[in-house]
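Enquirer: Got a structure for you, questions after.
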Amino acid sequence: MSVRADHAIPYGMPSTQGKPSRIRIVAGYGLVVAVAPYLVLKALWVAGVMVGVPESSPAHSGWEVQNIVTGLMDLVAVAVAMALTHPWGMRVPAWLVIVPAWIGTGFLVPAVLLVVTGFTSSLTTTGELISLREGLVEDWAYVLVGSSFAIQGVLVTTSFALYSRVRWEAALAGTCRRGPTFGVQRVLGVTAAVLAAGVGVVRIGQGIFAPDGWYDVPWTFLTRFGELVEGGLALLAAAGILGLIGLFRGWPLGRAVSATWIGSGSLFAYGFGRTISLAAGADLSDQMTSVYRMLNLTGMVAGLVIALSAAFVMAERAATPAREPATP
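Mapping of the sequence shown onto this note's numbering: residues 138 to 465, in sequence order.
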């Protein structure tokens, strides 16, 4: 007798379907609205209408590829938002939803913290939301893009949480436990957790002590805060995967999955983006020091391994239900 794969793992068809809740619809369409300003800017820049970009900025010319790629990423965000909102999204192959949502969450959750903190800091010190000299774009464009990212971060997290609650409610219930392949999971999980924790400790140390040789720009409050945020999320990823594989037995499964999801997504999204920029020789990538390059590469690898380990754990949990306690 054959068994369909989507019956064996929690990434197949949902157990329940129904009319989406009002908050899920609002969050999904709100995400599309939040993406729109950034998408319009990218479309204008690709068309050569460099509104909001000073002529002296490196971004005024030669950034066509970057603008096309980031514009396409926005279109993917719109498609994912619709999948998270409508009933047909429950029938989409799970990986088509999970992968972009994971990367998007990993990129946008730190952006929420950075934008809110940056706007607040600038407003209290200068009386303006943004006050930059010789920025890549004009101040109003930074405000528009930053606000868009912050709202997207809140809404994509909300949308995916509500979607997951319907599609994988049973799979996310219960507590963390050790599975039949715990030995292998421990090797992968602990190795990735050590890498993530190392990245986290170094980033937090940099955020606190602001050493020379990190990046070829001056240390500011916001760059230091950014290091603390990324470092904290790296430690969150490490704790999440250790709990998920069963080293912290008794942890609520939802808590471990959430920590692993956000933390590993941040490690991978930022590490991958910066590593690709460096490999492609993108403008300003030459400002990355060797230490910074190594941190991003290590973070990318750690985030990917943690995510794959988590996927294996969840697949195994679905295939091997928890044992019922013996009765006397």
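A virtual CB, placed ideally from N, CA and C, is assigned to each residue, including glycine.
Taking buried to mean at least 16 other C-beta atoms within 10 Å of its own C-beta, is residue 399 buried or exposed?
Expert: buried
Enquirer: Using a Cβ-Cβ cutoff of less than 6 Å, which residues in the same chain neighbour residue 182 once the five nearest sequence positions on both sides are dropped?
Expert: Residues of the same chain with a CB within less than 6 Å of the CB of residue 182, apart from the 5 flanking positions on each side, are 204 in chain order.
Enquirer: Taking 8 Å as the threshold (C-beta atoms), are residue 322 and residue 449 in contact?
Expert: For residue 449 and residue 322, yes; Cβs fall inside 8 Å.
Enquirer: To which residues does DSSP link residue 224 through a beta bridge?
Expert: None, per the DSSP bridge assignment.
Enquirer: Can you tell me where the alpha helix (DSSP H) holding residue 385 begins and where it ends?
Expert: Run containing residue 385: none; DSSP gives neither H nor E here.
Enquirer: Apart from the five residues just before and just after residue 379, which ones in its own chain have a Cβ nearer than 8 Å to its Cβ?
Expert: 326, 327, 330, 385
Enquirer: Considering only the beta carbon of each residue, do residue 406 and residue 285 sit closer than 8 Å?
Expert: Not closer than 8 Å, so no.
Enquirer: How long is the line joining the alpha carbons of residue 120 and residue 156, rounded to whole angstroms?
Expert: For residue 120 there is no data in the structure shown, the boundaries of the chain being 138 and 465.
Enquirer: Would you identify the three-state DSSP class for residue 357, choosing helix, strand or coil?
Expert: coil
Enquirer: How about residue 280 and residue 267: do their beta carbons lie closer than 8 Å?
Expert: yes
Enquirer: Considering only the alpha carbon of each residue, which of 389, 226, 368, 425 lies closest to residue 440?
Expert: 368
Enquirer: For residue 396, collect the residues of the same chain with a Cβ closer than 8 Å to its Cβ; drop the 5 residues on either side in sequence, then sort them by chain order.
Expert: 373, 374, 376, 377, 380
Enquirer: Just to check my reading of the structure: residue 195 and residue 269 have Cβ atoms closer than 8 Å, yes? What is that Cβ distance to the nearest angstrom?
Expert: The C-beta distance from residue 195 to residue 269 rounds to 14 Å, too long to meet the 8 Å contact threshold.
Enquirer: Using a Cβ distance threshold of 8 Å, determine whether the stretch 185 to 192 contacts the stretch 234 to 246, with at least three qualifying pairs required.
Expert: They do not touch, by the three-pair rule.
Enquirer: Is the separation between the beta-carbon of residue 293 and that of residue 370 shorter than 8 Å?
Expert: No, they are not a contact pair.
Enquirer: So the alpha helix (DSSP H) residue 179 belongs to, where does it begin and stop?
Expert: 159 to 183
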